[in-house]
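A.B. asks:
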Amino acid sequence: MIRSGKMRKLINSIIGVALIVVIVLLVLPLGMSFWLKNNYPSILTRLSQAHNVSLKLINFDRGWFASKAVIQVIIPNSEDKTTQPIKFTINQHIFNGPFIFSKNNHKVKLHCAKALVYTTSNDPNFTFHSSTLLRFNNSSKSSLYASNVNVANGQEQIVLKDTNLEILYNPLTQRLVLNAVIKSALISEQQKTILIMDNITWRNDLHHATPLWEGKRSLSLNKFTYYLTPEQLIEVKNFILENQQNAANDTTTFTFSSHADSIKDTSLNLAPLDIKFSLTQMNTAALVNLINTALNENHLKLNPQQLHQFHTPAINLLAQGLEVSLAHLTFGTEEGQVSVQGQLHLPAQNQSPDLSQIMVNAKGNLQAKMPMAWLKKELSRIYEDKKVELDDQALTPEQIADQQIQYWINNKKLIPQNQDVELTINYDKGKLLVNNLPSHAPQQ
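In the UniProt record's numbering, the protein residues as written are 1 to 444.
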């Protein structure tokens, strides 16, 4: 009897715990559904402010374990205020937390989160589906696949095909990780193709250190083709661009590196190209002021009056002092390799900013090495384009190029080294030296 009584108490305890668990599992999703319905408009408002779009809640159908929402997306035309904004509608299926099951690649996973949001759009210009997991620490994980994105921005049109996007964001650590892969992109203007890009990969790993986002950014493309005219184009293969941004105290440092297997047009054939340079000791406050000025301009094609708006913040940035270092610029040509490196130091100004004073106080140097045959070919091309302006029409562009190169060599402006020529330029507070000689030279 005693044993059966203990067993009955144990069974009752198990049943009680089970009932509590069941009640919790039923009540918490219901409470979360009420919380989502009350807070969803404010969530959309925060997203609108962060992404410069308007997200308007049309309908929210609250459910016990899952809710549905219909949202209108409005993307304003940043270049032309008279053009109608882009509008389309998305449908969302929201699974209420705190315990949510998701299925990916035939695997079921349990999440402890506020909500799991599935979004779809069947608009012919914006065909995509996505999922967003909203965790209790306000971090989020989003993934998106868009089969077609077609954005008409005034006279400009952007078409993206097969876009895969993943975004991780944690507001506590202010970290943002973005990975995007786009199969193809096309940009046209007035129905004329401007740019075609294939197999684009874009990666960001950033953290927000007020007032800028710092970290690593990278962009790679298998190929992109830029059309100067319908008949004249520039083709770049296997292009990579990487940027590292860091801040220390009140200054910011940018480091850039880029590579291309080849760059070709009708008269150009560079293979490969590599460049690495850095901007250091940039005053963060002055940099932010310049960036904000740029963001406030609505047009990519700036007129002279708009360009004048950049003058004051740009001069203020230079007046705070900075360092520019070109670690290397190298590219291969049919005649051999061209290489350039250099540094520029702009000291901080104690008096009111003035561009002439900034340049007078600057220090810098540049070293270049190039094949003589390549220099001759490039000069010949320039003289061929300007042959109507030449005084001596009896000489061919190649002969004029030969004379010009020999003149530079005779006056120590170029230093011959086997099949190459070298050039060194030093600038120190208004004094210019070319190959360690004053820049002025006797007239030809």
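By construction, the Cβ of each residue, glycine as well, lies at the ideal position given by its N, Cα and C atoms. A quick note: this is a predicted structure, and the numbers were derived from the prediction, not measured.
Roughly how many whole angstroms lie between the Cα atoms of Ile-275 and Phe-310?
C.D. replies: What you label residue 275 is simply residue 275 of the sequence shown in a count that begins at 1. What you label residue 310 is simply residue 310 of the sequence shown in a count that begins at 1. Computed Cα separation, rounded: 27 Å.
A.B. asks: On the DSSP bridge assignment, give the partners of Asp-385 in chain order.
C.D. replies: Locating residue 385 in the sequence shown gives position 385, counting from the first residue. According to DSSP, Asp-385 bridges with nothing at all.
A.B. asks: Specify, as a first and last residue, the run of the alpha helix (DSSP H) that Asn-410 falls within.
C.D. replies: Locating residue 410 in the sequence shown gives position 410, counting from the first residue. Counting along the chain, the alpha helix (DSSP H) containing Asn-410 begins and ends at 397–410.
A.B. asks: I need the straight-line Cα distance from Glu-231 to Lys-192, nearest angstrom please.
C.D. replies: Here residue 231 is taken as the residue at index 231 of the sequence shown, counted from 1. Here residue 192 is taken as the residue at index 192 of the sequence shown, counted from 1. Their backbone Cα atoms lie some 12 Å apart in a straight line.
A.B. asks: Output needed for Val-159: all residues of its chain with C-beta closer than 6 Å, excluding positions within five of it in sequence on either side, in chain order.
C.D. replies: Within the sequence shown, residue 159 is the residue found at index 159, counting from 1. Cβ within range, chain order: Asn-150 and Leu-186.
A.B. asks: Please classify Gly-430: is it buried, with 16 or more other beta-carbons within 10 angstroms of its beta-carbon, or exposed?
C.D. replies: Within the sequence shown, numbered from 1, the residue matching residue 430 stands at position 430. Flag for Gly-430 reads exposed.
A.B. asks: Evaluate Leu-432 with the Cβ neighbour count: other Cβ atoms within 10 Å of its Cβ, from every protein chain shown; 16 or more gives buried, anything less gives exposed.
C.D. replies: Locating residue 432 in the sequence shown gives position 432, counting from the first residue. Exposed: under 16 other Cβ atoms inside 10 Å.
A.B. asks: Would you call Ile-90 buried or exposed, if buried means 16 or more other Cβ atoms sit within 10 Å of its Cβ?
C.D. replies: Within the sequence shown, numbered from 1, the residue matching residue 90 stands at position 90. Looking at its Cβ environment, which holds 16 or more other Cβ atoms inside 10 Å, Ile-90 is buried.
A.B. asks: Arg-135: which of Lys-37, Asn-418, Thr-312 and Ile-100 sits nearest, CA to CA?
C.D. replies: For the purposes of this step, residue 135 is identified with residue 135 of the sequence shown, where counting begins at 1. Checking every option, the nearest Cα to that of Arg-135 belongs to Ile-100.
A.B. asks: Compute the beta-carbon to beta-carbon distance between Leu-379 and Ile-425, rounded to the nearest angstrom, for a pair I have assumed lies under 8 Å.
C.D. replies: Position 379 of the sequence shown, counting from 1, holds the residue named residue 379. Position 425 of the sequence shown, counting from 1, holds the residue named residue 425. With 8 Å as the limit, Leu-379 and Ile-425 do not qualify as a contact, their Cβ atoms being about 18 Å apart.
A.B. asks: Give me the DSSP bridge partner(s) of Asp-198.
C.D. replies: Locating residue 198 in the sequence shown gives position 198, counting from the first residue. Per DSSP, Ser-184 and Lys-223.
A.B. asks: Which term fits Tyr-383, buried or exposed, when burial requires 16 or more other beta carbons within 10 angstroms of its beta carbon?
C.D. replies: Here the question's residue 383 lines up with position 383 in the sequence shown. It is buried - the Cβ of Tyr-383 has at least 16 other Cβ atoms within 10 Å.
A.B. asks: Is the beta carbon of Thr-252 sitting closer than 9 Å to the one on Asn-222?
C.D. replies: By 1-based counting over the sequence shown, the position of residue 252 is 252. By 1-based counting over the sequence shown, the position of residue 222 is 222. No, the pair does not count as a contact, with Cβ atoms beyond the cut-off.
A.B. asks: Restricting to Cα atoms, I'd like to know which of Leu-423, Gln-349 and Asn-238 is closest to Thr-201.
C.D. replies: Here residue 201 refers to the residue found at position 201 when the sequence shown is read from its first residue. Considering only alpha carbons, the answer is Asn-238.
A.B. asks: Please report the straight-line C-alpha distance between residue 488 and Ile-196, rounded to a whole angstrom.
C.D. replies: Because the chain here runs from 1 to 444, residue 488 falls outside it and cannot be looked at.
A.B. asks: With H, G and I counted as helix, E and B as strand and the rest as coil, what does DSSP make of Pro-272?
C.D. replies: Within the sequence shown, the letter at position 272 stands for residue 272. Reduced to three states, the DSSP call for Pro-272 is coil.
A.B. asks: Among Ala-247, Val-338 and Leu-317, which one has its Cα closest to the Cα of Pro-347?
C.D. replies: Position 347 of the sequence shown holds residue 347. Answer by Cα proximity: Leu-317.
A.B. asks: If you draw a straight line from the C-alpha of Tyr-118 to the C-alpha of Trp-374, how long is it?
C.D. replies: Counting from 1 along the sequence shown, the entry for residue 118 is found at position 118. Counting from 1 along the sequence shown, the entry for residue 374 is found at position 374. Taking the straight line from one Cα to the other gives about 58 Å.
A.B. asks: Spatial neighbours of Ile-58 within its chain, please: C-beta separation below 6 Å, excluding the five flanking residues on both sides.
C.D. replies: Here the question's residue 58 lines up with position 58 in the sequence shown. Val-70 and Gln-72, listed in sequence order.
A.B. asks: Just list the residues that DSSP pairs Tyr-118 with in beta bridges.
C.D. replies: Taking the first residue of the sequence shown as position 1, residue 118 is located at position 118. For Tyr-118, which the question treats as bridged, DSSP gives the partners His-93 and Ser-131.
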